[in-house]
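This report concerns only the one structure given below.
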Amino acid sequence: MSIATAEFGTSGPEAGARSEDYLWTLNFGPQHPATHTTLRIVLKLDGERVVDALPEMGYLHSGFEKLGEHLTFNQYVTVTDRMNYISPMANNVAWHHAVEALLGIELTPRCASIRTIIAELARISDHLLSNGAVGLDTGAFTFFLYAFYQREVIYDIFETLCGARFTNSYTRVGGVSQDFTPLVIEKIGGFLKTFPKTLDDMERLLTRNRIFVDRTKGVGVLTKEEAINRGATGPVARASGVTRDLRKDEPYLAYGDFDFQICCASAGDCYARYLIRMQEMRESLKIVAQAIENLPAGPVNVGIDQRTALPTKQQVYSTIEGTISHFELSMSNRGFEVPHEESYAAIEAPNGELGFYIVGDGSENAYRARCRPPSVLHFALFPHLIRGHTLSDVVAVLGSLNIIAAELDR
Amino acid sequence: MPYTLPSVTDVLAGLTNRFGSLETSLNRGQTRVVVPEPLSFDVLAWLKDQGFDLLIDVTCVDYLEYKAAKHRYGLVYLLASTATNQRLTLRVFVDDPDPTVKSAVPLWEAANWLEREVWDLFGIRFTGHPDLRRLVMPEEFTAHPLRKDYPLQGRGERHNFPVITRDHS
Amino acid sequence: MAVVHSVSSDRLELPENVVIGRLDSLASWCRKNSLWPMPFATACCGIELMATGAAKHDLARFGAEVFRFSPRQCDLMIVAGRVVMKMLPVLQRIWQQMHEPKWCISMGACASTGGVFDTYAVVQGIDRFIPVDMYVPGCPPRPEQLIQAIIDLQDKIQREGTISGREFDTAGRQLRKRALVEIANPLSIDAARNPNLQRELAAAADAVAGRN
Numbered sequence: 005m006s007i008a009t010a011e012f013g014t015s016g017p018e019a020g021a022r023s024e025d026y027l028w029t030l031n032f033g034p035q036h037p038a039t040h041t042t043l044r045i046v047l048k049l050d051g052e053r054v055v056d057a058l059p060e061m062g063y064l065h066s067g068f069e070k071l072g073e074h075l076t077f078n079q080y081v082t083v084t085d086r087m088n089y090i091s092p093m094a095n096n097v098a099w100h101h102a103v104e105a106l107l108g109i110e111l112t113p114r115c116a117s118i119r120t121i122i123a124e125l126a127r128i129s130d131h132l133l134s135n136g137a138v139g140l141d142t143g144a145f146t147f148f149l150y151a152f153y154q155r156e157v158i159y160d161i162f163e164t165l166c167g168a169r170f171t172n173s174y175t176r177v178g179g180v181s182q183d184f185t186p187l188v189i190e191k192i193g194g195f196l197k198t199f200p201k202t203l204d205d206m207e208r209l210l211t212r213n214r215i216f217v218d219r220t221k222g223v224g225v226l227t228k229e230e231a232i233n234r235g236a237t238g239p240v241a242r243a244s245g246v247t248r249d250l251r252k253d254e255p256y257l258a259y260g261d262f263d264f265q266i267c268c269a270s271a272g273d274c275y276a277r278y279l280i281r282m283q284e285m286r287e288s289l290k291i292v293a294q295a296i297e298n299l300p301a302g303p304v305n306v307g308i309d310q311r312t313a314l315p316t317k318q319q320v321y322s323t324i325e326g327t328i329s330h331f332e333l334s335m336s337n338r339g340f341e342v343p344h345e346e347s348y349a350a351i352e353a354p355n356g357e358l359g360f361y362i363v364g365d366g367s368e369n370a371y372r373a374r375c376r377p378p379s380v381l382h383f384a385l386f387p388h389l390i391r392g393h394t395l396s397d398v399v400a401v402l403g404s405l406n407i408i409a410a411e412l413d414r
Numbered sequence: 109m110p111y112t113l114p115s116v117t118d119v120l121a122g123l124t125n126r127f128g129s130l131e132t133s134l135n136r137g138q139t140r141v142v143v144p145e146p147l148s149f150d151v152l153a154w155l156k157d158q159g160f161d162l163l164i165d166v167t168c169v170d171y172l173e174y175k176a177a178k179h180r181y182g183l184v185y186l187l188a189s190t191a192t193n194q195r196l197t198l199r200v201f202v203d204d205p206d207p208t209v210k211s212a213v214p215l216w217e218a219a220n221w222l223e224r225e226v227w228d229l230f231g232i233r234f235t236g237h238p239d240l241r242r243l244v245m246p247e248e249f250t251a252h253p254l255r256k257d258y259p260l261q262g263r264g265e266r267h268n269f270p271v272i273t274r275d276h277s
Numbered sequence: 045m046a047v048v049h050s051v052s053s054d055r056l057e058l059p060e061n062v063v064i065g066r067l068d069s070l071a072s073w074c075r076k077n078s079l080w081p082m083p084f085a086t087a088c089c090g091i092e093l094m095a096t097g098a099a100k101h102d103l104a105r106f107g108a109e110v111f112r113f114s115p116r117q118c119d120l121m122i123v124a125g126r127v128v129m130k131m132l133p134v135l136q137r138i139w140q141q142m143h144e145p146k147w148c149i150s151m152g153a154c155a156s157t158g159g160v161f162d163t164y165a166v167v168q169g170i171d172r173f174i175p176v177d178m179y180v181p182g183c184p185p186r187p188e189q190l191i192q193a194i195i196d197l198q199d200k201i202q203r204e205g206t207i208s209g210r211e212f213d214t215a216g217r218q219l220r221k222r223a224l225v226e227i228a229n230p231l232s233i234d235a236a237r238n239p240n241l242q243r244e245l246a247a248a249a250d251a252v253a254g255r256n
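Sequence order for the protein chains is C, U and A. For the first sequence, the numbering used here puts the final residue at 414, and the numbers step up evenly by one. For the second sequence, the numbering used here puts the final residue at 277, and the numbers step up evenly by one. For the third sequence, the numbering used here puts the final residue at 256, and the numbers step up evenly by one.
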């Protein structure tokens, strides 16, 4: 397609006026450093003021949902890694949470705790990057380096846990690929000790920084009614006063056992979204600390009789059930039983409600694997938030919405 | 102890009162209601008044190869209530040759892009939608790729570009 | 730099502190140590590209840290992440906007071959449509791998030299470029003139024939 001027007048109440010939059009993206990845916005400017914005997506549409119909439930986890690639672990957990809801599998307590821990670590690394990027775009490069260094520490924990630093593919149906080792627990403990200090440093760098506050406070305000009507979830909605967090409202995994708080603000601007993310990292740390302290013993995968998770080698060699189960799961024409049913299950991903609508048809592949991506609804908010602000606010608003193109386009 | 969703029996009773008997089903705590296509907008509007204020998702399933399916396309509306945390799934079935549904954009702004995506990937038309363009595929694209009769590898569109060699650049 | 105009005797008298070499290798040496990358980051690999430039791995140690987001200023394009149908014309446009001499690193499995995404929308390797100098395997590659690729590319630049003089043929290049500059509507391009599509169609026909 050509990179031509897009047509205006198709969306938004302000569009369509005739006497706007003096306005000029600016193409922003799809290859631009502040879009972080690939998205495109055509801006209509009056001097430096944004009159209207026309967001466009699809520059990274790779057919994830179509691929989900051709891969088995365990294979598809590799694709979910690449969905929201700044917190792959949270996507793994979301996918298998939905699969287990379809199959009706109940996890072991140890597995639920382990998944809670890694999902919270993923939340921390996601918020680090998204806040770091807001800082980077508004001119605070040091903040970004602090954030990225801490991400490297989390990468290191994940690498020790499952061998891959970034695209982990860690969960399996009814379990996880590797159990926690003492070294992993030690590394998480080290992170819990050092990270609050860095977080304090980061807050001192930016939270009361005059330039940063001036550039984000009062910019891109979203009211509570608008947030609900436009389907915002996660930190974006909570910054506008919507007290919805699936960890509390529909306690999945082991969240019901831990003491933590939901962070909310009422301002609804970019600064509030930044503050919510900073505060949520502290709450996540609390959850991880409690979960590590009370990590239940016992098996990490569901039992052999469920016939979903591969048995351990010792079970295969020493018990007949283990041998049969291993055989059944390894043969291409066997596998586990999937009902002719449809179900939706969601988790509170770092970005908002991330759910999967899965249709089972008896085979090991999903008949349809729909992903409910928070980024799409947040990107649709963008023209509403930016109208009336200046061109330099575009990057602040984009950064605070934390739009991830691979999750946006899938 | 796994969490179970709050029950929606009172809402279902109200629905039956207002719209006559509708086909409902329950699977692992999730309630689904099948709504005939002409009624879909009214039911959604009524449910919004009853407190289901958050539209989680609008999507579609193509039942072309599904065992014992009566219709070709099944739309899915996932609703939730921010006050009571109830959830409700609405199914609306439509068929070829011209699958059409009334748009939910007048009720929820969130439906705007979600419906555009369904139009793009499944080719289901939403009447009353303010801006029904393709969302993720290029404008020139002609097929609807998530339909079951469209192959995974496509029909050669991905190879249809000019080649730039060292001499050209 | 002193240039010796005529060499009369067979033995050259050189003053001190003078080293003789080919002008070509001097130019290559300058080029390889002043690479300015243009990060064409689309997906997951882009995050690892950021990690390569950030605190721990620090690409600056190898003389290639000046990331510039304007293609006019860059000579090394790093394509990090999958490129899809809608993005490819943008990629080609940006490649054409870069000045010679220029190089391209295809970072990660998706950019090199399409990776796990053998689907309708993803281009199965950018080298089908633009020239690529270096492929980095991995999904995504670790920062160390990317650094190794840049070091290898520097070796290649040194060996390759400027002998072809391609970058000096400005007029001819402009002419050829003009023929390509309108990548207006990819789906309307004649299939008969597209070698990639023909190859693909032939392979599909062979597969069908083999099955029967």
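Cβ atoms here follow ideal geometry from the backbone N, Cα and C, with glycine treated the same way. For clarity, every value in this text was computed on a predicted model and none was experimentally measured.
What is the DSSP secondary structure of Asn88(C), counted as helix, strand or coil?
Note: Asn88(C) maps to coil in three-state DSSP.
Looking at chain C, is there any beta carbon in it that lies within less than 7 Å of the beta carbon of Lys100(A)?
With 7 Å as the cut-off, Lys100(A) counts as an interface residue toward chain C.
Run down chain C in chain order and give the residues with a C-beta less than 8 Å from the C-beta of Glu92(A).
Result: Phe170.
Tell me which residue opens and which closes the alpha helix (DSSP H) that Glu136(A) is part of.
The amino acid occupying residue 136(A) in the given sequence is Gln; Glu does not appear at that position. In this chain, the alpha helix (DSSP H) harbouring Gln136(A) covers 132-141.
Is the CB of Ile191(A) under 7 Å away from at least one CB in chain U?
Not one chain U Cβ lies under 7 Å of Ile191(A).
Suppose the cutoff is 8 Å on Cβ atoms and the five residues either side in sequence are ignored; what does the same chain contact list for Arg263(U) look like?
Cβ-Cβ distances below 8 Å link Arg263(U) to Ala251 in the same chain, with the five nearest sequence neighbours on each side left out; the list follows chain order.
Return the CA-CA distance between Thr117(U) and Lys175(U), expressed in angstroms with no decimal places.
Those two C-alpha atoms are separated by around 30 Å.
Pro378(C) - containing alpha helix (DSSP H), residue span:
Pro378(C) -> alpha helix (DSSP H) spans 378-390.
Taking the beta carbon of Pro81(A) as the centre, do at least 16 other beta carbons fall within 10 Å, making it buried, or is it exposed?
Result: buried.
Is it right to say Leu250(C) is buried, meaning 16 or more other beta carbons lie within 10 angstroms of its own, or is it exposed?
Per the 10 Å Cβ criterion, buried.
Chain U residues whose Cβ lies nearer than 7 Å to that of Phe173(A)
The answer, in chain order, is Phe269, Val271, Ile272.
Sort out for me which residues DSSP pairs Pro201(U) with in a bridge.
Per the sequence shown, residue 201(U) should be read as Phe rather than Pro. Phe201(U) is bridged to Gly182(U).
7 Å Cβ cutoff met for Arg126(A) and Phe161(A):
Their beta carbons are under 7 Å apart, which means Arg126(A) touches Phe161(A) by this criterion.
Inter-residue Cα distance where the pair is Val304(C) and Val188(C):
The straight-line gap from Cα to Cα measures roughly 15 Å.
What residues of chain U sit near Lys48(C), judged by a beta carbon separation below 8 Å?
Correct list: empty, because the minimum Cβ distance to chain U is about 16 Å.
So Gly326(C) is in the beta strand (DSSP E); what residue range does that whole segment cover?
Judged by DSSP secondary structure, Gly326(C) falls outside any beta strand (DSSP E) and instead within the alpha helix (DSSP H) spanning 324-334.
Mind checking Gly301(C): buried by the 16 CB within 10 Å criterion, or exposed?
In the sequence as displayed, the identity of residue 301(C) is Ala instead of Gly. With fewer than 16 Cβ atoms within 10 Å of its Cβ, Ala301(C) is classed as exposed.
Sequence-distant residues of its chain with Cβ nearer than 6 Å to Ala228(A) (five each side left out)
Any reading at Ala228(A) must be qualified, since the residue scores a pLDDT of 43, below 50, and its modelled position is unreliable; no value is offered.
Please name the residue, chosen from Val223(C), Leu111(C), Arg44(C), that lies closest to Gly392(C) on a Cα-to-Cα basis.
Minimum Cα distance to Gly392(C) is reached at Val223(C).
Amino acids of chain A, ordered along the chain, whose beta-carbon sits closer than 8 Å to that of Ile90(C):
What Ile90(C) touches in chain A: Ile91.
For my contact list, Val320(C) and Thr327(C) are in at a C-beta cut-off of 8 Å; report their separation, rounded to the angstrom.
Right, the Cβ-Cβ distance comes to about 6 Å (below 8 Å), so this counts as a contact.
Is the stretch 369-385 of chain C touching the stretch 234-250 of chain C, taking contact as three or more C-beta pairs under 8 Å?
The answer is yes - the stretch 234-250 of chain C touches the stretch 369-385 of chain C, with three or more Cβ pairs under 8 Å.
Measuring CB atoms only, is the stretch 270-289 of chain C touching the stretch 166-180 of chain C, in the sense that at least three cross pairs come out at less than 8 Å?
In short, these stretches do not touch, since the Cβ pair count stays below three.
Checking 7 Å against the spacing of the C-beta atoms, do Phe68(C) and Arg374(C) come in under that value?
No, Cβ-Cβ distance for Phe68(C) and Arg374(C) is not below 7 Å.
Would you mind telling me which residues of chain A sit closer than 8 Å to Gln261(U), beta carbon to beta carbon, in chain order?
Correct list: Asp162, Thr163, Tyr164.
Would you identify the three-state DSSP class for Val157(C), choosing helix, strand or coil?
Three-state DSSP puts Val157(C) in a helix.
Closer than 7 Å to chain A by CB, Lys191(C):
Residue contact with chain A for Lys191(C): absent (no Cβ-Cβ distance below 7 Å to any residue of chain A).
Arg224(U) (DSSP reduced to helix, strand or coil)
In the structure shown, Arg224(U) sits in a helix (DSSP, three-state: H, G or I).
Asn125(U) at chain C interface by Cβ criterion, 7 Å
False, the Cβ-Cβ gap to chain C never drops below 7 Å.
What are the residues of the stretch 83-116 of chain C that lie near chain A, defined by any Cβ-Cβ distance shorter than 7 Å?
Those residues of the stretch 83-116 of chain C that come within reach of chain A (Cβ to Cβ, closer than 7 Å) are Val83, Arg86, Tyr89, Ile90.
Member of Val399(C), Leu47(C), Tyr63(C) whose CA lies at the smallest distance from the CA of Ala57(C)
That would be Leu47(C), whose Cα lies nearest to the Cα of Ala57(C).
Three-state class that DSSP yields for Ile233(A) in the structure shown
Residue confidence is low: Ile233(A) scores 47 on pLDDT, short of 50, so the model does not pin down where it sits. Its coordinate-derived value is still stated next. Ile233(A): coil per DSSP, three-state reduction.
For Met94(A) and Ile266(C), what's the separation of their Cα atoms in angstroms?
Each residue's Cα considered, the two are about 31 Å apart.
Where Pro110(U) and Ser117(C) are concerned, what is the direct C-alpha to C-alpha distance, given to the nearest angstrom?
When rounded, the distance between both Cα atoms is 13 Å.
Any alpha helix (DSSP H) of 4 or more consecutive residues that is wholly inside the stretch 174-220 of chain C:
As far as the stretch 174-220 of chain C is concerned, its whole alpha helix (DSSP H) runs of at least 4 residues are 186-210, 214-220.
Among Thr41(C), Ile109(C), Gly72(C), whose alpha-carbon lies nearest the alpha-carbon of Tyr89(C)?
Cα-wise, what sits closest to Tyr89(C) is Thr41(C).
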